[in-house]
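The structure appears right after this line, and notes come after that.
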Amino acid sequence: MKHNIFYRSIKKLKSSLKFILPFIILAAIIITLFPHFFRNTYTVTISNRQIKTHGNKKTYIIYAQLEDGSIKAFKDKNSLVEFKFNSEDIYRGLQIYRKYEIKTYGFRITFLSCYENIVNVKKLKDNFIYPYIDPNSH
Numbered sequence: 079m080k081h082n083i084f085y086r087s088i089k090k091l092k093s094s095l096k097f098i099l100p101f102i103i104l105a106a107i108i109i110t111l112f113p114h115f116f117r118n119t120y121t122v123t124i125s126n127r128q129i130k131t132h133g134n135k136k137t138y139i140i141y142a143q144l145e146d147g148s149i150k151a152f153k154d155k156n157s158l159v160e161f162k163f164n165s166e167d168i169y170r171g172l173q174i175y176r177k178y179e180i181k182t183y184g185f186r187i188t189f190l191s192c193y194e195n196i197v198n199v200k201k202l203k204d205n206f207i208y209p210y211i212d213p214n215s216h
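Take 79 as the starting number for the sequence shown in the working numbering and just add one per residue.
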């Protein structure tokens, strides 16, 4: 009797997995591809750069001032979906106080520490911005 109940429960589990597994796979695909539908282009002046390390993975964070004066943080991370494998080159090429046009995908979710990912960078001709230093602040 116990033997029969065990096989029935295994059969029920298999049929449940056949129903649930496609939904799990579909959800994983949607979560992976969803940020790639949100694309933006910004003209920015690089304010600062930072490397965040999680285990053996690096995420390059770039802080930039937008044209309206607000500061926005972006990440520069490789992306298999975008066929982007040059994040370190982009990070090293960005110079502070220089102006760039950057193309990004994704969105900012503060409490999850999600940033828009930089896909492409183009240096602009009007590129060096001298920082304002107040002579009376000393």
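Note that CB positions come from ideal geometry on N, CA and C, so glycine has one too.
On a predicted model such as this, the values are computed, not experimentally measured, just so you know.
- Pairwise C-beta distances place the region 109 to 128 in contact with the region 139 to 154, as three or more of them are shorter than 8 Å.
- The criterion of a C-beta distance shorter than 8 Å is not satisfied by tyrosine 183 and serine 165.
- Secondary structure of glutamate 179 (DSSP, three-state): strand.
- According to DSSP, residue pairing for leucine 144 in a beta bridge involves Val122.
- According to DSSP, serine 157 shares a beta bridge with Lys162.
- Rounded to whole angstroms, phenylalanine 163 and threonine 188 show a C-alpha spacing of 25 Å.
- For phenylalanine 112, the secondary structure class from DSSP, reduced to helix, strand or coil, is helix.
- Under the three-state reduction of DSSP output, phenylalanine 185 falls in the coil class, being neither helix nor strand.
- Here the alpha carbon of leucine 91 sits roughly 42 Å from the alpha carbon of lysine 130.
- In the three-state scheme derived from DSSP, where H, G and I count as helix and E and B as strand, leucine 202 is classed as strand.
- Here the C-alpha atom of phenylalanine 101 lies approximately 43 Å from the C-alpha atom of lysine 201.
- Here tyrosine 175 is exposed. Its C-beta has fewer than 16 other C-beta atoms within 10 Å.
- Checking the DSSP bridge columns, you'll see asparagine 134 has no partner listed.
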